[in-house]
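Below is one structure; the comments refer to it alone.
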Amino acid sequence: MAGQQQLLTHALQTLKDHHVRVTPQRQTILTYLVTHHNHPSVDTIFNALAVEAPNLSMATVYNTLNLFVDLGIVIELPNDNGGIRYDFYGRPHYHVICENCGKITDVFTPEFSKIENELNQQASAQTGYLVTSNHVEVYGLCPECQQKLHIDPDRQKWAQEANHL
Numbered sequence: 277m278a279g280q281q282q283l284l285t286h287a288l289q290t291l292k293d294h295h296v297r298v299t300p301q302r303q304t305i306l307t308y309l310v311t312h313h314n315h316p317s318v319d320t321i322f323n324a325l326a327v328e329a330p331n332l333s334m335a336t337v338y339n340t341l342n343l344f345v346d347l348g349i350v351i352e353l354p355n356d357n358g359g360i361r362y363d364f365y366g367r368p369h370y371h372v373i374c375e376n377c378g379k380i381t382d383v384f385t386p387e388f389s390k391i392e393n394e395l396n397q398q399a400s401a402q403t404g405y406l407v408t409s410n411h412v413e414v415y416g417l418c419p420e421c422q423q424k425l426h427i428d429p430d431r432q433k434w435a436q437e438a439n440h441l
């Protein structure tokens with residue numbers, strides 16, 4: 277809980293540093309994103325906050341998310357059906373995405389910041405691009421889908437070994 281409060285405080289400071297007013301609506305949406313790791317759509321956020329913030333409009337949610345994306349507080353995660361889901365990016369992480377059900381899971385590892393910087397540097401060196409951000413995704417089958425599809429644990433081990441060849 278203390279970690280979430282620290283992340284929220286840092287994100288609110290980012291708004292202030294960019295001379296963006298911290299409105300109750302912005303704070304409510306930001307708090308939701310910091311405290312939920314469900315990679316929500318605009319509809320999910322709007323519906324989840326409807327009781328807590330009945331004066332919150334769908335347009336406010338859209339505009340707030342666009343602002344957060346522009347400031348680098350939140351990232352957009354396009355999904356297969358053309359929609360967009362959102363993820364608070366207070367701590368660098370990457371995503372594992374289920375190829376069957378589309379579930380997205382955050383992966384936090386201490387080494388990721390270093391790897392992320394190396395990827396950005398290599399991409400810039402090889403292409404001449406001024407790299408401003410990246411998004412790393414790993415694909416596979418979530419535990420629930422493995423169970424539903426009756427995937428043998430030995431098959432999982434085989435898939436991991438095959439990726440090292």
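Residue numbering for the sequence shown follows our numbering, beginning at 277 and increasing consecutively.
Cβ coordinates follow ideal geometry from the N, Cα and C atoms, glycine included.
Enumerate in chain order the residues of its own chain whose CB-to-CB distance from residue i is below 6 Å, with the five nearest sequence positions on each side excluded.
i           : result
residue 421 : 374, 376 and 377
residue 291 : 298
residue 380 : 315, 371 and 373
residue 283 : 310 and 366
State the DSSP-derived secondary structure class of residue i, mapped to helix, strand or coil.
i           : result
residue 296 : coil
residue 374 : strand
residue 281 : helix
residue 368 : coil
residue 427 : coil
residue 318 : helix
residue 420 : helix
residue 363 : strand
residue 407 : coil
residue 394 : helix
residue 347 : coil
residue 248 : Not covered by the structure: residue 248. The range shown for the chain is 277 to 441.
residue 441 : Confidence in residue 441 is poor, its pLDDT being 43 and thus under 50, which makes the residue's placement unreliable; the coordinate value appears in the next sentence. The answer is coil: DSSP assigns residue 441 none of H, G, I, E or B.
residue 353 : strand
residue 286 : helix
residue 337 : helix
Here's a check: name, in chain order, each residue in its chain whose Cβ is nearer than 8 Å to the Cβ of residue i, leaving out the five neighbours to either side.
i           : result
residue 365 : 348, 349, 350 and 351
residue 389 : 368
Is residue i near residue j, with beta carbons less than 7 Å apart?
i           : j           : result
residue 392 : residue 368 : yes
residue 361 : residue 317 : yes
residue 353 : residue 346 : no
residue 344 : residue 334 : no
residue 332 : residue 325 : yes
Where DSSP assigns a beta bridge to residue i, which residues make up the other side?
i           : result
residue 384 : Residue 384 is not bridged to any residue.
CB-CB under 7 Å to residue i, same chain, minus the five flanking residues each way: which ones, in chain order?
i           : result
residue 336 : 301
residue 308 : 321, 324 and 325
residue 313 : 382
* To do: Decide if the region 414-430 is in contact with the region 395-402; the criterion is three or more beta carbon pairs, one per stretch, under 8 Å apart.
  => no
* Counting pairs of Cβ atoms below 8 Å between the region 299-312 and the region 382-394, do you hit three or more? -> Inter-segment contact for the region 299-312 and the region 382-394 is absent: fewer than three beta-carbon pairs are separated by less than 8 Å.
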